[in-house]
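Everything below concerns the one structure shown next.
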Amino acid sequence: MMKNAGDFEKCLRGEMSETELGHLLDRMRRDDACVLEFIRYSIEWQAIREKSSALRGLSRVCSESMGVECLGEKSKFPMNRRFFGRKFDRDVSSSSLRGRLIWVTGVVVAASLAFLLYVPGIQKIPIDSVESDGVNVAKIITFDGSSVLVGELGIESGVIGTIKNGQNIYVQRGIAKIYFEDGTEFSLEESSRVKVLNTNEGLRIGIESGTLDAKVAHQIEGRHVEITAGGMNVIVVGTEFRVHVDDESSSVVVRSGVVKCSGVTRGPQMMVGTGEEAEIKGGSEIHVGKSVGSDFVASSPVRVPCVANAMVRTGSDFQDVNFGSQRAVSIKRRHTGHLTREAYFQFKIPNGVTLLQSAILQLSQIRKGPSVPFYIAADLLFDQWDERTITYRNRPTDGKCVALWQSLAEPGDIKVDVTHAVREALANGTSELTFRIHSTIEDRWDAEVDYSTWERRQGEAPCLQLYINKSNGVK
Amino acid sequence: VEVNRRMELESFSVDPKDSHHGRDAILKKAFSYREGLLAFAYAGLRDWSLAEDVVQDAFLVIMDKWQDFEEGTSCFSWACKIVQYKTMEACRKKSKNAKHVEVQFCEHLGEAVSRLYSEEYELEAMRMRQALGECMKKLSAESIDILYEYCDGSLSCEDMARSRNRSVNAIRLIVSRVKKQLRYCVDFRLRELA
Chain A
13 MMKNAGDFEK
23 CLRGEMSETE
33 LGHLLDRMRR
43 DDACVLEFIR
53 YSIEWQAIRE
63 KSSALRGLSR
73 VCSESMGVEC
83 LGEKSKFPMN
93 RRFFGRKFDR
103 DVSSSSLRGR
113 LIWVTGVVVA
123 ASLAFLLYVP
133 GIQKIPIDSV
143 ESDGVNVAKI
153 ITFDGSSVLV
163 GELGIESGVI
173 GTIKNGQNIY
183 VQRGIAKIYF
193 EDGTEFSLEE
203 SSRVKVLNTN
213 EGLRIGIESG
223 TLDAKVAHQI
233 EGRHVEITAG
243 GMNVIVVGTE
253 FRVHVDDESS
263 SVVVRSGVVK
273 CSGVTRGPQM
283 MVGTGEEAEI
293 KGGSEIHVGK
303 SVGSDFVASS
313 PVRVPCVANA
323 MVRTGSDFQD
333 VNFGSQRAVS
343 IKRRHTGHLT
353 REAYFQFKIP
363 NGVTLLQSAI
373 LQLSQIRKGP
383 SVPFYIAADL
393 LFDQWDERTI
403 TYRNRPTDGK
413 CVALWQSLAE
423 PGDIKVDVTH
433 AVREALANGT
443 SELTFRIHST
453 IEDRWDAEVD
463 YSTWERRQGE
473 APCLQLYINK
483 SNGVK
Chain B
281 VEVNRRMELE
291 SFSVDPKDSH
301 HGRDAILKKA
311 FSYREGLLAF
321 AYAGLRDWSL
331 AEDVVQDAFL
341 VIMDKWQDFE
351 EGTSCFSWAC
361 KIVQYKTMEA
371 CRKKSKNAKH
381 VEVQFCEHLG
391 EAVSRLYSEE
401 YELEAMRMRQ
411 ALGECMKKLS
421 AESIDILYEY
431 CDGSLSCEDM
441 ARSRNRSVNA
451 IRLIVSRVKK
461 QLRYCVDFRL
471 RELA
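Respectively, the protein sequence lines represent chains A and B.
So the first sequence is numbered by the working numbering: it starts at 13 and just counts up by one.
So the second sequence is numbered by the working numbering: it starts at 281 and just counts up by one.
Here it is as structure tokens:
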């Protein structure tokens, strides 16, 4: 235990008066050991602040796939068994007989409970009956004109909201998109009512009504996504599919990959593959067949290259500087130290595109991402700007958020679904649209992501990929 | 892993002909000391925002003056000196009075760091940070919040207590208890790893 800890703490918290600081300085002048102790205390202080800031930033998201454990979770590392209340280095073999008996009884009870919960025929706790525990699990964006309720809270269109574990989501009007830490994305259509639960085994989604389009990221071993839709259970480990629930039936259409379907009473499991559809009506058996819907109208995409791109940067030295000719743009957000950087990408939609199936914004991350991934947002703007004159001071800012994604750990392509944004532009009769790319959180100052611009190599240039229905061509 | 990566960086050698590689290698190495440098700057300034600006400015200097670094000498000491110089500048600007006790405190600390704090201590601190990171993952969300607010210093203990409906003493007790637990955990983990 440090003997001067109280004074050091007071000093580092800025709670020391001038006289007290003078006394501490005198002590330090007399004794080198005291200075060294203070330096070490400051290092520990900084480390606690930085680590707790990072853990707070992760917002208690149990994202095992990203190598992050839940806060408060008990680790397999032996010392953590005795983390609170007892010494860590206590040898288990020296514990008392009574202690061992309590431990053995606990293990037996836990094993019995686990068996009861997992034995076939006995269901897990129904998702409807689970209350929210207040832990953040995902982000949600609603689109223009949408009206969405998350718990009791209404989420404004174009604003990023947060979903807590076990919260009910109701899309009253329009469309909402949900983004999870592991890269899984859900799109909810009008009148959808769902509940999201993150457990140690993976995500559990309950759909009471409506339609959910899912793109599930590959799940690590031991985790899967389980969807309960009316009378049907769908188990996924990484695929794209669409689930629909109404009063009479539940169905799932698989776009790519394979899902396992069963009745909620855990009847036989059926495998549903790419291009197949499974349906269950009124508690009867599941029927699997070829999907005949329009979901599989595959068309090769039209590649729309970026026509202008530029980075803008804060700070008195940079806010009037134009960075329009750079081969890469950086994204970061930090108001102190003039470190905020944003990027603008402009596209021109070709004439004649009306029946748009989907639109993908493709950006190339050219360097390693930060050690802790952070969210990047794309705002849609229709303002005019010039690549050769745009600066931080004259940049357009009046947009609304249309997409959200996470930085990659390694360089690679990011593909973001911006279908709603492009549809909105087309509906407004606008062919020119701009995406303002920025970081959504005030992050560590070294957290930065770099994307290539059109000035870089052709293969890495930013572009929009438009998937257009066959009946509609591009003139 | 972090410590091993550090060891790899230790063994690098700058090729003066390859200016791009040389600058990147020195920056990368200096960057691996960022946390320690930030702690020194904060200890002198007791203002996170100023300390972060100081470290950022120091990295800009390192980027510009990388060729001044003499191969075979300690990159840590060199980066430390730059940070201390920048810290002193910021401290003088903050206090506006060179005789002020804050400036004297900052001066003495800077001098003591270069005299007493060696690269070996920094390697030790690196291991401590790694262990601390692991230990902190086991804390409850509330403890993390309290620790952050306490170490960040942006909220007074009274404000922290008010927002949680607790007394100031209770907050101080929680901080002290959690820090004690963390020290036990870090010590244990370091012994395990050794």
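Glycine included, each C-beta is placed from N, C-alpha and C at the ideal position.
Between the alpha carbons of Arg452 (chain B) and Arg42 (chain A), how many angstroms are there, rounded? About 30 Å.
Which residues in the same chain as Glu56 (chain A) place their Cβ atom closer than 8 Å to its Cβ, once the five residues preceding and following it in sequence are excluded? Hits under 8 Å: none found.
Report the residue from B:Asn449, B:Lys460, B:Ser394, B:Phe320 whose alpha carbon sits nearest the alpha carbon of Met416 (chain B). Checking every option, the nearest Cα to that of Met416 (chain B) belongs to B:Lys460.
Any idea what DSSP makes of Gln231 (chain A), helix, strand or coil? Secondary structure of Gln231 (chain A) (DSSP, three-state): coil.
Only counting the same chain, and skipping five residues up and downstream in sequence, which positions put a Cβ closer than 7 Å to that of Phe356 (chain B)? Scanning its chain for C-beta atoms nearer than 7 Å, with the 5 sequence neighbours on each side dropped, one finds around Phe356 (chain B) the residues Tyr313, Glu399, Glu402, in chain order.
Considering Cα atoms alone, identify which of A:Ile190, A:Ile219, A:Ala459 is closest to Ala203 (chain A). Just to set this straight, residue 203 (chain A) is Ser in the shown sequence, not Ala. The residue with the shortest Cα to Cα distance from Ser203 (chain A) is A:Ile219.
For the alpha helix (DSSP H) that Lys417 (chain B) lies in, which residues bound it at each end? Taken as a continuous stretch (DSSP letters only), Lys417 (chain B) belongs to no alpha helix (DSSP H), as it is neither H nor E.
Determine the chain A residues that contact Phe356 (chain B) at a beta-carbon separation under 9 Å, and present them in chain order. Listed along chain A, no residue sits closer than 9 Å to Phe356 (chain B) by beta-carbon distance, the nearest being about 13 Å off.
Is there at least one Cβ from chain B nearer than 8 Å to Met323 (chain A)'s Cβ? So, not an interface residue.
What residues from chain A crowd round Leu396 (chain B), counting only those whose CB sits closer than 8 Å? Residues of chain A whose Cβ lies closer than 8 Å to the Cβ of Leu396 (chain B) are, in chain order, Asp44, Val47, Leu48, Ile51.
Which two residues bound the contiguous alpha helix (DSSP H) that contains Leu435 (chain B)? Unbroken run through Leu435 (chain B): none, as it is neither H nor E.
Which of helix, strand or coil DSSP assigns to Ala405 (chain B): Ala405 (chain B) carries a helical assignment under DSSP once its states are collapsed to helix, strand and coil.
Looking only at its own chain, which residues have a Cβ that is under 6 Å from the Cβ of Ile306 (chain B), when we skip the five neighbours before and after it? The beta carbon of Ile306 (chain B) sits closer than 6 Å to those of Trp346, Phe349, all from its chain and outside the five residues before and after it, given in chain order.
Do the region 323 to 342 of chain A and the region 431 to 441 of chain A meet, that is, are 3 or more Cβ pairs less than 8 Å apart? Touching, no.
Of the residues B:Gly316, B:Lys308, B:Lys309, the one placed nearest Met406 (chain B), counting alpha carbons only: For the options B:Gly316, B:Lys308, B:Lys309, the alpha carbon positioned closest to that of Met406 (chain B) is the one of B:Gly316.
May I ask you to list, following chain order, the residues of the region 184 to 204 of chain A that have a beta carbon less than 8 Å from some beta carbon of chain B? Residues of the region 184 to 204 of chain A with a Cβ closer than 8 Å to any Cβ of chain B: none.
For Ser54 (chain A), three-class secondary structure by DSSP: Look at Ser54 (chain A) here: in three-state DSSP terms it is helix.
Proximal chain B residues relative to Leu37 (chain A), where beta-carbon distance stays under 7 Å: Simply Val381, Gln384, Phe385, His388.
As a quick exercise: from A:Ser337, A:Leu478, A:Val208, pick the residue whose alpha carbon is nearest that of Ile181 (chain A). When each option's Cα is compared against that of Ile181 (chain A), the closest is A:Val208.
Tell me where the beta strand (DSSP E) around Ser391 (chain A) begins and ends. It should be pointed out that residue 391 (chain A) corresponds to Asp in this sequence rather than to Ser. First-last of the beta strand (DSSP E) with Asp391 (chain A): 387 to 393.
Neighbour list for Asp425 (chain B) in chain A, Cβ cutoff strictly below 7 Å: Within chain A, the residues whose beta carbon sits less than 7 Å from that of Asp425 (chain B) are Arg68, listed in sequence order.
What are the boundary residues of the alpha helix (DSSP H) that includes His236 (chain A)? Boundaries cannot be given for His236 (chain A), as no alpha helix (DSSP H) includes it and DSSP labels it neither H nor E.
Can you look up Tyr313 (chain B) in the DSSP assignment and give me helix, strand or coil? The answer is coil: DSSP assigns Tyr313 (chain B) none of H, G, I, E or B.
Who are the Cβ neighbours of Leu420 (chain A) in its own chain at under 6 Å, not counting the five residues just before and after it? Hits under 6 Å: Gln377, Gly381.
Cβ neighbours of Lys361 (chain B) in the same chain (closer than 8 Å, five flanking residues each side left out): The residues are Ser394.
Considering only the alpha carbon of each residue, which of A:Thr286, A:Thr211, A:Leu224 lies closest to Arg235 (chain A)? For the set A:Thr286, A:Thr211, A:Leu224, the Cα lying nearest the Cα of Arg235 (chain A) is the one of A:Thr211.
Per-residue contacts from Gly34 (chain A) into chain B (C-beta, under 9 Å): Ordered by position in chain B, the residues that pass the 9 Å Cβ test against Gly34 (chain A) are Val381, Gln384, Phe385.
Kindly identify the DSSP beta-bridge partner or partners of Cys475 (chain A). Its beta-bridge partners are A:Pro317, A:Gln374.
Lys63 (chain A): contacting residues in chain B (beta-carbon distance under 8 Å): Under a criterion of Cβ atoms nearer than 8 Å, the residues of chain B adjacent to Lys63 (chain A) are, in order, Arg409, Leu412, Gly413, Met416.
In three-state terms, what does DSSP make of Glu202 (chain A)? Glu202 (chain A) falls in the coil class under three-state DSSP.
Which of the residues in the region 430 to 457 of chain B, read from start to end, lie with their CB under 7 Å from any CB of chain A? Only those residues of the region 430 to 457 of chain B whose C-beta falls short of 7 Å from the nearest C-beta of chain A are listed: Cys431, Asp432, Gly433.
Taking a contact to mean a Cβ-Cβ separation below 8 Å, would you say Val316 (chain A) touches Leu445 (chain A) in this structure? Result no, Cβ atoms of Val316 (chain A) and Leu445 (chain A) do not sit closer than 8 Å.
Just grab the DSSP bridge partners of Ala415 (chain A) for me. Bridge partners of Ala415 (chain A): A:Ala390.
For the region 434 to 465 of chain B, which segments carrying the alpha helix (DSSP H) assignment without a break, of at least 4 residues, lie completely within its bounds, in sequence order? Entirely contained in the region 434 to 465 of chain B, the alpha helix (DSSP H) runs reaching 4 residues are, in chain order, 437 to 443.
Throw me the rounded Cβ distance for the Arg61 (chain A) and Cys431 (chain B) pair, which I believe falls under 8 Å. Their Cβ separation, rounded to whole angstroms, is 4 Å, which keeps Arg61 (chain A) and Cys431 (chain B) in contact under 8 Å.
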